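Q: Can you keep this structure in mind? I'll have questions shortly.
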Amino acid sequence: MTHGIAAIGRDGYRTQIEVGSRHRLVADEPSSLGGADTGPAPYDLLIAALGACTAITLRMYANLKKWPLESVEVKLHLSRDGDVMAVERSLRIVGLDEAQKARLAEIAERTPVTLTLKSGVRIRTTVA
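Mind the numbering: the sequence shown is residues 1 to 128 in the working numbering, read in order.
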């Protein structure tokens, strides 16, 4: 499906990330956690992925249906209550009627990243 590399050196928490075949990103921790805040923190990247997947999927669906969707804004908030993590997602949809908006809200619950996060992911770690 996809691949990536994350590399960190000895100084600080700044991490160079390569994803796909040509995209480069930087992740870091905020200064309050000892980082230099030179890029989004790992959980920021997680909700960014969910937001992007949601927006893209809703745009694809509206295009397929030939609906006059002007824009979608996906607001996300990740929180923790003890051991339980939760995401609150709010959709601002412009250009559609209420029935179309309701349908897009249903579709949002089944985007690929949404389903992945809801079901969990097995991770197998090896040392090279």
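Ideal Cβ placement from N, Cα and C applies to all residues, glycine included. This structure is a prediction, so every number in the text was calculated from the model and none was measured.
With the cut-off set at 8 angstroms, would you say I93 and V72 are in Cβ contact?
A: Going by C-beta atoms, I93 is nearer than 8 angstroms to V72.
Q: Leaving out five residues before and five after A55 in sequence, what residues of the same chain have Cβ atoms less than 7 angstroms from its Cβ?
A: Contacts found: V72 and V74.
Q: Compute the Euclidean distance between the alpha carbons of G82 and P68, then round it to the nearest angstrom.
A: Answer to the nearest angstrom: the Cα atoms are 42 angstroms apart.
Q: Identify, in the order they occur along the chain, each residue of the same chain with its Cβ nearer than 6 angstroms to the Cβ of Q16, setting aside the five sequence neighbours on each side.
A: Taken in chain order, the residues that qualify are A7.
Q: DSSP three-state label for D44, please.
A: Helix at D44.
Q: What residue from Y61, G35, L115 and V127 has the CA that sits closest to R10's CA?
A: Closest option to R10, Cα to Cα, is G35.
Q: List the residues that DSSP assigns as beta-bridge partners of A27.
A: A27 is bridged to T15.
Q: Using only CA atoms, which one of A48, A52, D44 and K66 lies nearest to L96?
A: It is K66 whose Cα lies nearest to the Cα of L96.
Q: From what residue to what residue does the beta strand (DSSP E) around K75 run?
A: Residues S71 to D81.
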